[in-house]
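Chains as they are written, first to last, in our numbering: chain Z, 1 to 252; chain X, 1001 to 1077.
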């Protein structure tokens, strides 16, 4: 793990990985859209609205996947002071928030015709809304300090506290029997969903994962550049002040 | 084609769902790309400015002392 803590090594590795991730994103998105819009049947109960599922469910998976990764990074950042872990969490947050937003909005657009309501304070919907606020809160917190190190530390603590929400989201549909349906793909005994609908779902999930990897690599690269900018600016400011004192001291 | 766009009467729900997902994901990508370009340009400018400053630091020291308003008398006294 620590072999990847070196930003220079990360930059080399990311330059190697990025073309593959970007290519996979494009190919899987085209395939996924083909499957979800053309080559899959309408549902016998929900008609064509089932096509919203191919966006909604992968976005929901990503919202949990990204958060869990950020929380793991936060633990690494706090325990081992791993500098790239902090940067990864910060870089991933807007992407996770984006997926959570897409999940909430598409869920609303699906709920309106199928449930007859845009929103209910159902356990699943409410816990996902809390996840969205956790993302926004983390993003606000890491940027709220003059010293980025302190901001990262506070943000990491928030991420670790907020991880309790992840199992609550996962099991909310089993613990509270309200409007949102229980899991039909990730469950004991295999998926209870027809292969013609499982294929677009999994391809879209792959596309979203590849998208996340591509964008997070770019964002970590940005964060590393910004760290360097900050160090250079501090060095310039400190260098001038340090020079002055040495010079004056020599003269005096 | 129009039947496809009609989406069995649910066009008003399905197309916005795909539209918003596209908008959010593309928007994030563009913002990320611009941020990276910006940061790399700033970094490049700073890195190219630094050696220059180092070179001129000794030559411009006398001038810098005066223009920075450092109390030269205080250190001499």
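All residues carry an ideal CB built from backbone N, CA and C; glycine is no exception.
Because the structure is a prediction, the values reported are computed rather than measured.
Please return the same chain residues whose Cβ sits closer than 8 Å to the Cβ of residue i, not counting the five positions on each side in sequence.
i: residue 58 of chain Z; result: 201, 204, 205, 207, 208
i: residue 1070 of chain X; result: Since pLDDT at residue 1070 of chain X reaches only 47, below the 50 mark, its modelled position is unreliable, and the value read off the structure follows with that caveat. Contacts found: none.
i: residue 119 of chain Z; result: 108, 111, 125
i: residue 1049 of chain X; result: none
i: residue 1063 of chain X; result: Low per-residue confidence applies at residue 1063 of chain X: pLDDT is 48, beneath 50, and the placement is therefore not dependable enough to give any value.
i: residue 152 of chain Z; result: 77, 86, 89, 90, 142
i: residue 1037 of chain X; result: none
Give the single residue among the options whose Cα lies nearest to the Cα of residue i.
i: residue 63 of chain Z; options: Z:125, Z:148, Z:190, Z:192; result: Z:125
i: residue 216 of chain Z; options: Z:19, Z:13, Z:95; result: Z:95
i: residue 47 of chain Z; options: X:1028, X:1011, X:1016; result: X:1011
i: residue 1032 of chain X; options: Z:218, Z:229, Z:149; result: Z:218
i: residue 123 of chain Z; options: Z:116, Z:100, Z:174; result: Z:174
i: residue 1029 of chain X; options: Z:25, Z:172, Z:31, Z:30; result: Z:25
i: residue 104 of chain Z; options: X:1017, X:1002, X:1001; result: X:1017
i: residue 176 of chain Z; options: Z:69, Z:80, Z:127, Z:147; result: Z:127
i: residue 182 of chain Z; options: Z:72, Z:172, Z:154; result: Z:172
i: residue 82 of chain Z; options: Z:149, Z:60, Z:52; result: Z:149
Answer yes or no: do residue i and residue j have a C-beta to C-beta separation smaller than 8 Å?
i: residue 138 of chain Z; j: residue 1025 of chain X; result: no
i: residue 74 of chain Z; j: residue 159 of chain Z; result: yes
i: residue 19 of chain Z; j: residue 1013 of chain X; result: no
i: residue 1020 of chain X; j: residue 102 of chain Z; result: yes
i: residue 55 of chain Z; j: residue 106 of chain Z; result: yes
i: residue 84 of chain Z; j: residue 7 of chain Z; result: yes
i: residue 97 of chain Z; j: residue 44 of chain Z; result: no
i: residue 1008 of chain X; j: residue 42 of chain Z; result: yes
i: residue 1039 of chain X; j: residue 222 of chain Z; result: yes
i: residue 1023 of chain X; j: residue 229 of chain Z; result: no
Starting from the beta carbon of residue i, find every residue of chain Z whose beta carbon is closer than 7 Å, and list them in chain order.
i: residue 1040 of chain X; result: 225
i: residue 1043 of chain X; result: 225, 228, 229
i: residue 1007 of chain X; result: 48
Just to make sure I have the definition right: I need the residues of chain Z whose C-beta is within less than 9 Å of the C-beta of residue i. Which are they?
i: residue 1047 of chain X; result: 228, 232
For residue i, which residues from the same chain have a beta carbon less than 6 Å from its beta carbon, with the 5 sequence-adjacent residues on both sides left out?
i: residue 243 of chain Z; result: The predicted position of residue 243 of chain Z is uncertain, since its pLDDT is 47 and thus under 50; a value taken from the coordinates is nonetheless stated next. Excluding residues within five positions, none has a Cβ falling inside 6 Å.
i: residue 184 of chain Z; result: 192, 193
i: residue 99 of chain Z; result: 59, 62, 63
i: residue 1057 of chain X; result: With a pLDDT of only 48 at residue 1057 of chain X, under 50, the local geometry of the prediction cannot be trusted, and the value read off the model is given with reservation. Same-chain partners within the cutoff: there are none.
So residue i contacts chain X; which residues on that side make the cut at Cβ distance below 8 Å?
i: residue 95 of chain Z; result: 1028
Quick one: which chain X residues come within Cβ less than 9 Å of residue i?
i: residue 218 of chain Z; result: 1029, 1032, 1033, 1035, 1036
i: residue 98 of chain Z; result: 1024, 1025, 1027, 1028
Starting from the beta carbon of residue i, find every residue of chain X whose beta carbon is closer than 7 Å, and list them in chain order.
i: residue 52 of chain Z; result: 1013, 1014, 1017
i: residue 117 of chain Z; result: Residues of chain X passing the Cβ test: none, with the nearest at roughly 13 Å.
Requested in this report: Identify every run of the alpha helix (DSSP H) within the segment 124 to 200 of chain Z, keeping only runs that are complete inside it and at least 4 residues long; order them along the chain.
Outcome: The segment 124 to 200 of chain Z contains these whole alpha helix (DSSP H) runs: 148 to 162, 165 to 175.
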